[in-house]
Every structure is written in C-alpha cells, then in structure tokens.
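**Q** The following block contains the structure, expressed as structure tokens.
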Amino acid sequence: MCRLLAYSGTPLFLEDLLIRPEGSLVSQSMAAREARTVVNGDGCGLGWYGERLEPGLYRGILPAWSDANLTSLCRQIRSGLFLAHVRAATSGGVSTSNCHPFAHGQQLFMHNGQIGGYAGLRRRVEAMISDALYPSRKGTCDSEAIFLAALSRGLESDPVAAFRQTLSEIEALRGFASEEPVRFAAVHSDGERLFAFRWASDDRPPSLYARVEGDSVLVASEPCGTNPQGWQAIPPGSVLEADRSGRVFLRPFAVDAAPSSGAVRAA
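Note that the working numbering has the sequence shown beginning at 756, numbered continuously upward.
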C-alpha cells in the first residue's frame, strides 16, 4: 500500500510538510508505521496549484528518500494546495506513468488501495472509460483507471457522485469475478476544493487522517509532526471536503454494488 499527503490552506513551502516534520511523507517512504508494506519505494510524485489554473506535476520512479529533484522542488515551491504520494505498487509496473498523482486539466487524483483481482477485471474496468478520455490512459495501474472512469462520470462537476458511481460499477464487476476487496483511500482536487475519501468493500479501508488548524487542512495516511493529538482519523465510509476558505465538511460516503450499464459520458 502507498502513503499520501494533501494540504489546503495558507501557502507554504512543500518541504515544511513533506520533508522537515517528524514522520514526514518522505520518512514514511522508508518506514511506514500504519501499512502492511513498510517501504514505499516504487516512485513518488507531487501535484500543486500555483498561479495557473492547471496544476504543476512531478512524478518519478526513484524512491522519495533518494530523489534529489523531489527535494529541490520541495525547497523551492510554495503552494496553498498540493498533493503528494509515495508508491508501493500493487498493480502496474514501476514506471513514471503509474506514479501518482494523476492529472487531467484542473483535476488531480491520488489513491492508496486496490481493486481486488484487478488482473482479471482490468479489461472491463478500462471499458468504463469514455472514448474521449481513453487516449489519456498512459499507465497500467488500477488507480489511473478509477480516475479516468470517474472523469467519464462527471467528476469535474460532482466528485462525490462520480466516485460513488465508479466504485459502484466496479463492485458490480468484482462481484462476478473476484472475492478480493476494493479499498479506496483517495484524495481529489479541482484547484478550489479538496476531497478525501475513506471506503472499502470489506469495511477495512486504508488509514487516513485529517488535521484542521485555522483555515488550513492537512490529510495524510499517517500523522506527521510533533503533535499527534491534533490528528483525527477520517471515519470509514466517509468523505471529507475542504475549500480554500478553510471550511470543512465531513459526510457519509456509501457505495452500493449496482448493475453496470456500461454507459459512460463523453468528456
């Protein structure tokens, strides 16, 4: 399983959260505390919003702890909204195209989890991606497929509904082909809002925490920093939404396995 961190709030240098704190994301890439996979060395990535509408993106296959370019970027980039990820591959090979976050226009997405039995489901899951979006499919992992399928279901206008529909259709497919669970701890942003999802088909979602301080919100797979009391676990079956003004909403996120019609929207 992977580790991730996302931030929305007062602009700061990325190194202040990704490198310097005790238990930072980079240190978690070497020694995760709340994951079955202790080392997350199959690549890393950043997505950040700056002065342009579309986010900047950096992804590479080096482990985060040895990626000098990642360290340099974190020292130089200041942002009020960014996503970061260190990868332990569960599907798809170690390649830049399989590293998170994934971007399309203003949208960013990263994921910790799996589609159970993805090797046997891949062809049907990829069929959930619209023809217009399929050329954007660059990698082979399940996370990118989830992102593009959700974009095909209205992600840009209603992220919660789009991911609910996507996971519902995947659950329907999985019910015929695999007993392995779907696990979904994920973060999505459109440049204005941040959404953090924690859900699993077996009620055992990967860890995901949030910390709110003033108008700043931090989401991470594991607490980092010297004040663990400030962190709260996002409840299973929930989605947290935060906007640029610092407003935070937490509400249920339920997924029902529904028959897949195979229909997708043109995007």
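C-beta: ideal position from N, C-alpha, C; glycine also.
Can you tell me whether DSSP reads Val-915 as helix, strand or coil?
**A** Along the sequence shown, read from residue 1 onward, the residue named residue 915 stands at position 160. Helix.
**Q** Whole-angstrom Cβ separation of Asn-853 and Thr-895, contact assumed at under 8 Å?
**A** Position 98 of the sequence shown, counting from 1, holds the residue named residue 853. Position 140 of the sequence shown, counting from 1, holds the residue named residue 895. At roughly 6 Å, the Cβ-Cβ gap stays under 8 Å, so Asn-853 and Thr-895 are in contact.
**Q** Can the beta-carbon of Tyr-964 be found less than 7 Å from the beta-carbon of Ala-941?
**A** For this step, residue 964 is matched to residue 209 along the sequence shown. For this step, residue 941 is matched to residue 186 along the sequence shown. No, Cβ-Cβ distance for Tyr-964 and Ala-941 is not below 7 Å.
**Q** Of the choices Leu-759, Val-967, Trp-986 and Glu-881, whose alpha-carbon is the least far from that of Leu-838?
**A** Here residue 838 refers to the residue found at position 83 of the sequence shown. Nearest C-alpha to Leu-838: Leu-759.
**Q** Near Asp-998, what residues of its chain come up, given a Cβ to Cβ distance below 8 Å and the 5 sequence neighbours on each side ignored?
**A** Along the sequence shown, read from residue 1 onward, the residue named residue 998 stands at position 243. For Asp-998, where only same-chain residues beyond five positions count, the Cβ hits under 8 Å are Ser-763, Glu-947, Arg-948 and Leu-949.
**Q** Please list the segments of the beta strand (DSSP E) lying wholly inside the region 824-905, counting only runs of 3 or more residues, in order along the chain.
**A** Entirely contained in the region 824-905, the beta strand (DSSP E) runs reaching 3 residues are, in chain order, 833-841, 857-859 and 862-870.
**Q** Could you tell me the alpha carbon to alpha carbon distance between Asp-1011 and Asn-824, rounded to whole angstroms?
**A** Start at 1 with the first residue of the sequence shown, and residue 1011 comes out as number 256. Start at 1 with the first residue of the sequence shown, and residue 824 comes out as number 69. Cα to Cα, the separation comes out at about 42 Å.
**Q** Under the assumption that Leu-888 contacts Gly-802 (Cβ atoms under 8 Å), give the Cβ distance between them as a whole number of angstroms.
**A** Position 133 of the sequence shown holds residue 888. Position 47 of the sequence shown holds residue 802. Leu-888 to Gly-802, Cβ: 18 Å. No contact.
**Q** Excluding five sequence neighbours on each side, which residues of the same chain lie with their C-beta closer than 7 Å to the C-beta of Ser-891?
**A** As a position in the sequence shown, residue 891 is number 136, starting the count at 1. Taken in chain order, the residues that qualify are His-859 and Leu-903.
**Q** I'd like to know whether the C-beta atoms of Gln-861 and Thr-845 end up nearer to each other than 7 Å.
**A** As a position in the sequence shown, residue 861 is number 106, starting the count at 1. As a position in the sequence shown, residue 845 is number 90, starting the count at 1. Not closer than 7 Å, so no.
**Q** Around the C-beta of Val-841, are 16 or more other C-beta atoms found within 10 angstroms, so that it is buried, or is it exposed?
**A** For the purposes of this step, residue 841 is taken as residue 86 along the sequence shown, with counting starting at 1. Buried, because 16 or more other Cβ atoms sit within 10 Å of the Cβ of Val-841.
**Q** When DSSP builds the beta bridges, which residues end up paired with Gly-815?
**A** As a working note, residue 815 is residue 60 in the sequence shown. In DSSP, Gly-815 forms a bridge with Cys-799.
**Q** Among all the DSSP beta bridges, which residues are the ones paired with Leu-767?
**A** The residue given as residue 767 occupies position 12 in the sequence shown. Per DSSP, Ser-834.
**Q** From this set, Ala-927, Glu-977 and Pro-990, which residue's C-alpha is nearest Glu-777's C-alpha?
**A** The sequence position of residue 777 within the sequence shown is 22, counting from 1. Residue Glu-977 is the option with its Cα nearest to Glu-777.
**Q** What separation, rounded to the nearest whole angstrom, lies between the Cα atoms of Arg-830 and Ala-761?
**A** Here residue 830 refers to the residue found at position 75 when the sequence shown is read from its first residue. Here residue 761 refers to the residue found at position 6 when the sequence shown is read from its first residue. Arg-830 and Ala-761: Cα-Cα distance of roughly 17 Å.
**Q** When you compare the CB positions of Phe-1008 and Gly-992, do they come within less than 7 Å of one another, or not?
**A** Taking the first residue of the sequence shown as 1, we reach residue 1008 at position 253. Taking the first residue of the sequence shown as 1, we reach residue 992 at position 237. Yes. Within cutoff.
**Q** Using the three-state DSSP reduction, which class does Arg-1006 fall into: helix, strand or coil?
**A** Position 251 of the sequence shown holds residue 1006. Arg-1006: strand per DSSP, three-state reduction.
**Q** Trp-954 by DSSP, collapsed to three states: which one?
**A** In the sequence shown, counting from the first residue as 1, residue 954 sits at position 199. Three-state result, Trp-954: strand.
**Q** With respect to the beta strand (DSSP E) encompassing Tyr-964, which residues constitute its N-terminal and C-terminal limits?
**A** For this step, residue 964 is matched to residue 209 along the sequence shown. Counting along the chain, the beta strand (DSSP E) containing Tyr-964 begins and ends at 964-968.
**Q** Which whole-angstrom value describes the C-beta separation of Ser-898 and His-855, a residue pair presumed to lie in contact below a C-beta threshold of 8 Å?
**A** The residue you call residue 898 lines up with position 143 of the sequence shown. The residue you call residue 855 lines up with position 100 of the sequence shown. Their Cβ separation, rounded to whole angstroms, is 6 Å, which keeps Ser-898 and His-855 in contact under 8 Å.
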